[in-house]
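*Asks:* Here the protein sequences line up with chains P and D, keeping their order.
So in this note's numbering, the last one in the first sequence is 173, and the numbering has no gaps at all.
So in this note's numbering, the last one in the second sequence is 173, and the numbering has no gaps at all.
There are 2 protein chains.
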Amino acid sequence: MDNKVINLDSKFALFAAHWSPKVIAEMNDYQFKLVKVEGEFVWHDHPDTDEVFIVIEGTLNIAFRDKVETIESGEMFVVPKGIEHKPFAENECKIMIIEPKGVLNTGAKDGELTAPNDVWI
Amino acid sequence: MDNKVINLDSKFALFAAHWSPKVIAEMNDYQFKLVKVEGEFVWHDHPDTDEVFIVIEGTLNIAFRDKVETIESGEMFVVPKGIEHKPFAENECKIMIIEPKGVLNTGAKDGELTAPNDVWI
Chain P
53 MDNKVINLDS
63 KFALFAAHWS
73 PKVIAEMNDY
83 QFKLVKVEGE
93 FVWHDHPDTD
103 EVFIVIEGTL
113 NIAFRDKVET
123 IESGEMFVVP
133 KGIEHKPFAE
143 NECKIMIIEP
153 KGVLNTGAKD
163 GELTAPNDVW
173 I
Chain D
53 MDNKVINLDS
63 KFALFAAHWS
73 PKVIAEMNDY
83 QFKLVKVEGE
93 FVWHDHPDTD
103 EVFIVIEGTL
113 NIAFRDKVET
123 IESGEMFVVP
133 KGIEHKPFAE
143 NECKIMIIEP
153 KGVLNTGAKD
163 GELTAPNDVW
173 I
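#1: Go ahead and pull the three-state DSSP assignment for Phe105 (chain P).
#2: In chain P, which residues lie with their C-beta within 9 angstroms of the C-beta of Phe67 (chain D)?
#3: Just checking: is the beta-carbon of Val104 (chain P) within a distance shorter than 8 angstroms of some beta-carbon in chain D?
#4: For a test of the three-state rule: what should DSSP assign to Phe93 (chain D), helix, strand or coil?
#5: Report the three-state DSSP secondary structure of Lys63 (chain D) (helix, strand or coil).
#6: How about Pro99 (chain D): is its C-beta nearer than 8 angstroms to some C-beta of chain P?
#7: Who are the neighbours of Pro132 (chain D) on chain P, taking C-beta pairs under 8 angstroms?
#8: Quick check on this structure: which residue in D:Lys146, D:Asn169 and D:Leu156 has the alpha carbon closest to the alpha carbon of Ala68 (chain D)?
#9: Take the Cβ of Trp172 (chain P) as the centre, count every other Cβ of all protein chains shown within 10 Å, and call the residue buried at 16 or more, exposed below.
#10: Kindly provide the ranges of any beta strand (DSSP E) runs that are 3 or more residues long and lie completely inside the stretch 107 to 171 of chain D, ordered along the chain.
#11: Would you mind telling me which residues of chain P sit closer than 8 angstroms to Leu86 (chain D), beta carbon to beta carbon, in chain order?
#12: According to the neighbour-count rule (16 or more other Cβ atoms, all chains shown, within 10 Å of its Cβ), is Asn143 (chain P) buried or exposed?
#13: Can you check whether the CB of Leu165 (chain P) is closer than 8 angstroms to the CB of Val94 (chain P)?
#14: If you measure between the beta carbons of Thr101 (chain P) and Asn80 (chain D), is that distance less than 8 angstroms?
Structure below.
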């Protein structure tokens, strides 16, 4: 059993880029990804899977077509599959995302904010 | 879209029992469970799934047959499927567990520490 304890702060210290998920752990066919976000992301959805956001530090907003949710440190939110959403953060915010392996950050849309997938730190 | 922001501290305030997982969220067929632990759990394994432990407050130890891992607040650990483990904590510790819906806390063993499953708060 080679698995090791994973310290979130130590992992966050390893990268600076925004909107660029880094994989820190795998559970069955799901991945745990750390992301630093600031500014506005793009509208997108994930047609085949729910997506969990856990805010580790800062304040994350997620716009939906009918409302905006504000998620603070120590809070989490489950975005249901197929629901359009657009994350945004006024100041830098550190989050953990949990979703199946292979999910692209921009969903079905491939654009300039589409990050390389399955990048481990 | 009825999903709401989930505040971990508020959810932890809703129960006191040790070793009794409470479900706070579902992502596809996976569940997020909060648990307060203190003292020793039992040796067990989950033959069909990995299991993720995230420590929210306090210090969690997980004994394996060949070593003991110590997981502090802000750290996580993935216990691979089929690996025998025994969580224990000297003082009360608050953790979040992520695993497929239907997994019993004691694995294949049914004993006095087996908690009711799928209890939502």
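Positions of the beta carbon are idealized from the N, C-alpha and C atoms, including for glycine.
If you're wondering where the values come from, they're calculated on a predicted model, not measured in any experiment.
*Replies:* Judging by the given coordinates:
#1: In the three-state scheme derived from DSSP, where H, G and I count as helix and E and B as strand, Phe105 (chain P) is classed as strand.
#2: Simply none; closest approach about 17 angstroms.
#3: yes
#4: coil
#5: helix
#6: No, Pro99 (chain D) does not count as interfacial toward chain P.
#7: Met53 and Asn55
#8: Out of D:Lys146, D:Asn169 and D:Leu156, the CA that lies nearest to the CA of Ala68 (chain D) is found in D:Lys146.
#9: exposed
#10: 111 to 116, 120 to 124, 127 to 131 and 137 to 152
#11: Chain P residues near Leu86 (chain D): none, gap ~11 angstroms exceeds 8 angstroms.
#12: exposed
#13: yes
#14: yes
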